[in-house]
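Asker: I'd like to ask you about the structure that follows.
Protein chains: 2
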Amino acid sequence: MKELTKQQSKVLACVEVYLNKTGFPPTRAEICKELGFKSPNAAEMHLRALEKKGYIAIQSGSSRGLSIIKSQQSFESMHDSMPVIGLVAAGSPTLAEENIEKRIPCDPSLFSEGFDYFLKVKGLSMIDAGIHEDDLVAIKKTTLVKNGDLVVVRIEDEVTLKYFHQQDHLLELIPANKDFATIKIDLREQEAFVEGKSVGLIRTH
Amino acid sequence: MKELTKQQSKVLACVEVYLNKTGFPPTRAEICKELGFKSPNAAEMHLRALEKKGYIAIQSGSSRGLSIIKSQQSFESMHDSMPVIGLVAAGSPTLAEENIEKRIPCDPSLFSEGFDYFLKVKGLSMIDAGIHEDDLVAIKKTTLVKNGDLVVVRIEDEVTLKYFHQQDHLLELIPANKDFATIKIDLREQEAFVEGKSVGLIRTH
DNA sequence: ATTTATACTGTATATTTTTACAGTATATAA
DNA sequence: TTATATACTGTAAAAATATACAGTATAAAT
Numbered sequence: 270m271k272e273l274t275k276q277q278s279k280v281l282a283c284v285e286v287y288l289n290k291t292g293f294p295p296t297r298a299e300i301c302k303e304l305g306f307k308s309p310n311a312a313e314m315h316l317r318a319l320e321k322k323g324y325i326a327i328q329s330g331s332s333r334g335l336s337i338i339k340s341q342q343s344f345e346s347m348h349d350s351m352p353v354i355g356l357v358a359a360g361s362p363t364l365a366e367e368n369i370e371k372r373i374p375c376d377p378s379l380f381s382e383g384f385d386y387f388l389k390v391k392g393l394s395m396i397d398a399g400i401h402e403d404d405l406v407a408i409k410k411t412t413l414v415k416n417g418d419l420v421v422v423r424i425e426d427e428v429t430l431k432y433f434h435q436q437d438h439l440l441e442l443i444p445a446n447k448d449f450a451t452i453k454i455d456l457r458e459q460e461a462f463v464e465g466k467s468v469g470l471i472r473t474h
Numbered sequence: 270m271k272e273l274t275k276q277q278s279k280v281l282a283c284v285e286v287y288l289n290k291t292g293f294p295p296t297r298a299e300i301c302k303e304l305g306f307k308s309p310n311a312a313e314m315h316l317r318a319l320e321k322k323g324y325i326a327i328q329s330g331s332s333r334g335l336s337i338i339k340s341q342q343s344f345e346s347m348h349d350s351m352p353v354i355g356l357v358a359a360g361s362p363t364l365a366e367e368n369i370e371k372r373i374p375c376d377p378s379l380f381s382e383g384f385d386y387f388l389k390v391k392g393l394s395m396i397d398a399g400i401h402e403d404d405l406v407a408i409k410k411t412t413l414v415k416n417g418d419l420v421v422v423r424i425e426d427e428v429t430l431k432y433f434h435q436q437d438h439l440l441e442l443i444p445a446n447k448d449f450a451t452i453k454i455d456l457r458e459q460e461a462f463v464e465g466k467s468v469g470l471i472r473t474h
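Protein chains in written order, with the numbering used here: chain R, 270 to 474; chain G, 270 to 474.
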């Protein structure tokens, strides 16, 4: 699929937004109004380019005869899908594109509270909570967590999934496996960031 | 929401089908062609009625200015949702309406192989497989199962979720909890029906 | 220096489309 | 019997729309 110029991209976005808002595609004139062009031919030319590059189809002779072939919108918003993030050790911007292993076709309302991404579990530290290696834990980004919540915490460059327990300056990250030790952190000496909490889990057999 | 007459219903369906096929709504003339009317006013009148009853919106002055407000298509096919079945003891037609506890907004492709319904787990017999009480196990209806698969089996009026193991006439349904005994069935003496197998699991925290 | 691609303005026209108006026919309710 | 609602045909005009053609301007490539 050929690359789009900035303006072509704008026009395609305009068509998609209009379609989402009204349920039918815009006319050339409407695209112009939306994007500030003064001639319908400006829109026409961009549409022709988009057609040639395979992003849209134009039904000639039909008013508003546009249809989207390849959407620009991230797959996210069109047919809802949620990103799967590996439990990576390094890097901080968890939801950065390069950390997304794949996407699962489902929408955020799959779990009642909503969630932001799936975290792919590594290791067996939570096995007694019924959380296995490669399970996908649905994470809702929040820093508001209670003792006993299953949380994602970042300590320096390490991200971990554990039960949360904090009393005053002592943060305890408790595993669900007797072979693993509880991580104890004195928050006066070391920083720890709560990235979110688990609201659900999915597993593929 | 008011009831539709037969013709109104046909027109609404026509708009929806056209929209699905082309990506934009039909004109009055196109509806006529599709449904065999000879006057654009026939379509116009039906559209007005559909608007008055709240099924569509008409953007006046715009060509093809129709948008669907309330689709006729069943909720199922529009916004996919999958039924949740309790692990009920009695009754046989598993997917009968009365057995559906609720529906989860997701589509069958959530798990790569596809699935037909969720089974809500009762009891702790599979706890060592990381399957807890109230977990929802995604079940694909099939009778083609291998030894080691996690299957839904019906024996008389009892439905159970266990690991499958069969050798000749001996069927073993193996739990994942040392406190539970393996169910052993001689198929020459007793019937057992494989209803499906697990392809995944979801849990709400 | 000249071509080529992108990105438009401005105008005009044929065509598409909406939409109003004038009827006809039929079944159902008052 | 007379409304009233549904379900159309047929026509026509006004408005919306696609689309062709003639230009201008700019930056990058050759």
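C-beta atoms are modelled at their ideal positions from N, C-alpha and C, and glycine is treated no differently.
Remember, predicted model here, so these are calculated numbers, not experimental data.
Just to make sure I have the definition right: I need the residues of chain R whose C-beta is within less than 7 angstroms of the C-beta of GLN341 (chain G). Which are they?
Answerer: The contacting residues do not exist; GLN341 (chain G) stays about 15 angstroms from chain R at best.
Asker: Examine chain R for any beta-carbon lying closer than 8 angstroms to the beta-carbon of ASP455 (chain G), and answer yes or no.
Answerer: Not closer than 8 angstroms to any Cβ of chain R, the Cβ of ASP455 (chain G) fails to qualify, so no.
Asker: Which residues of chain G have a Cβ atom closer than 7 angstroms to the Cβ of ARG472 (chain R), listed in chain order?
Answerer: Within chain G, the residues near ARG472 (chain R) are GLY469 and LEU470.
Asker: Determine the closest residue to HIS401 (chain R) out of G:LYS453, G:LEU440, G:GLY469 and G:LYS302, with distance taken between C-alpha atoms.
Answerer: Measuring from the Cα of HIS401 (chain R), the nearest candidate turns out to be G:GLY469.
Asker: For LYS279 (chain G), which residues from the same chain have a beta carbon less than 7 angstroms from its beta carbon, with the 5 sequence-adjacent residues on both sides left out?
Answerer: LEU304.
Asker: Buried or exposed: where does SER467 (chain R) fall if 16 or more other Cβ atoms within 10 Å of its Cβ makes it buried?
Answerer: Buried: at least 16 other Cβ atoms inside 10 Å.
Asker: Closer than 8 angstroms by beta-carbon distance: list the chain G residues that pair up with ASP376 (chain R), in chain order.
Answerer: Ordered by position in chain G, the residues that pass the 8 angstroms Cβ test against ASP376 (chain R) are PRO374 and CYS375.
Asker: Consult DSSP for TYR386 (chain R) and reduce its assignment to one of helix, strand or coil.
Answerer: Strand, per DSSP.
Asker: Does DSSP put LYS466 (chain R) in a helix, a strand or coil?
Answerer: Strand at LYS466 (chain R).
Asker: Is there a C-beta anywhere in chain G that falls below 8 angstroms from the one on ARG333 (chain R)?
Answerer: Yes, ARG333 (chain R) lies at the interface with chain G (some Cβ there is under 8 angstroms from its Cβ).
Asker: Any C-beta of chain R within less than 8 angstroms: which residues of the segment 290-321 of chain G qualify?
Answerer: Per Cβ criterion, the list reads THR291, GLY292, PHE293, PRO294 and THR296.
Asker: Would you decide whether SER394 (chain G) is buried or exposed? Buried here means 16 or more other CB atoms lie within 10 Å of its CB.
Answerer: By the 10 Å Cβ count, SER394 (chain G) comes out buried.
Asker: Between ASP376 (chain G) and PRO374 (chain R), which are expected to be in contact by the criterion C-beta below 8 angstroms, what is the C-beta distance as a whole number of angstroms?
Answerer: ASP376 (chain G) to PRO374 (chain R), Cβ: 6 angstroms. Contact.
Asker: Taking the beta carbon of PHE433 (chain R) as the centre, do at least 16 other beta carbons fall within 10 Å, making it buried, or is it exposed?
Answerer: Counting Cβ neighbours within 10 Å, PHE433 (chain R) comes out buried, since at least 16 surround it.
Asker: Assuming ARG317 (chain G) contacts SER332 (chain R) (C-beta within less than 8 angstroms), just tell me the rounded distance between them.
Answerer: About 20 angstroms separates the two Cβ atoms, so there is no contact after all.
Asker: Would you tell me roughly how many angstroms separate the C-alpha atoms of THR411 (chain G) and VAL284 (chain R), rounded to the nearest one?
Answerer: Using only the alpha carbons, I get a separation of about 44 angstroms.
Asker: Using only CA atoms, which one of G:SER378, G:MET314, G:PRO309 and G:ILE338 lies nearest to GLY323 (chain G)?
Answerer: Ranking the options by Cα distance to GLY323 (chain G), first place goes to G:ILE338.
Asker: May I ask which residues mark the beginning and end of the beta strand (DSSP E) holding HIS434 (chain R)?
Answerer: Per DSSP, HIS434 (chain R) belongs to the beta strand (DSSP E) from 427-436.
Asker: Can you look up ALA450 (chain G) in the DSSP assignment and give me helix, strand or coil?
Answerer: Coil, per DSSP.
Asker: Kindly list the residues whose CB is nearer than 7 angstroms to the CB of ARG457 (chain G), restricted to its own chain and excluding five residues on each side of it in sequence; keep chain order.
Answerer: Closer than 7 angstroms at Cβ, skipping near neighbours: HIS438.
Asker: Do the CB positions of VAL463 (chain R) and VAL406 (chain R) come within less than 8 angstroms of each other?
Answerer: Contact flag unset, no.
Asker: In chain G, which residues lie with their C-beta within 7 angstroms of the C-beta of GLY222 (chain R)?
Answerer: Any property of residue 222 (chain R) remains undetermined from this structure, which presents chain R solely from 270 to 474.
Asker: PHE287 (chain G) to VAL428 (chain G), Cα distance in whole Å?
Answerer: Before going further, note that residue 287 (chain G) is Tyr rather than Phe in the sequence given. Rounded to the nearest angstrom, the two C-alpha atoms are 45 angstroms apart.
Asker: So, helix, strand or coil for ILE314 (chain G), using DSSP?
Answerer: A small correction: the amino acid at residue 314 (chain G) is Met; Ile does not occupy that position in the sequence shown. Correct three-state label for MET314 (chain G): helix.
Asker: Any beta carbon from chain R within less than 8 angstroms of ILE408 (chain G)'s own beta carbon?
Answerer: Not one chain R Cβ lies under 8 angstroms of ILE408 (chain G).
Asker: Below 8 angstroms CB to CB, which residues in the same chain sit around SER336 (chain R) once its five sequence neighbours on both sides are set aside?
Answerer: Only PRO294, ILE325, ALA326 and GLN328 meet the Cβ criterion.
Asker: Buried or exposed: ASP455 (chain R), going by 16 or more other Cβ atoms within 10 Å of its Cβ?
Answerer: Result: exposed.
Asker: DSSP three-state label for VAL286 (chain G), please.
Answerer: Helix at VAL286 (chain G).
Asker: Grouping DSSP H, G and I as helix and E and B as strand, with all else coil, what is GLU272 (chain G)?
Answerer: GLU272 (chain G): coil per DSSP, three-state reduction.
Asker: Nearest by alpha-carbon distance to GLN276 (chain G): which of G:ALA298, G:PHE449 and G:PHE306 is it?
Answerer: The option with the nearest alpha carbon to GLN276 (chain G) is G:PHE306.
Asker: Under 8 angstroms Cβ-Cβ, which residues of chain G neighbour GLY399 (chain R)?
Answerer: By Cβ distance, chain G contributes ILE396, GLY399, ILE400, HIS401, ASP404 and ARG472.
Asker: Figure out for me which residue from R:LEU440, R:GLY417, R:GLN436 and R:THR473 has the closest Cα to the Cα of ARG423 (chain R).
Answerer: The shortest Cα separation from ARG423 (chain R) among R:LEU440, R:GLY417, R:GLN436 and R:THR473 belongs to R:LEU440.
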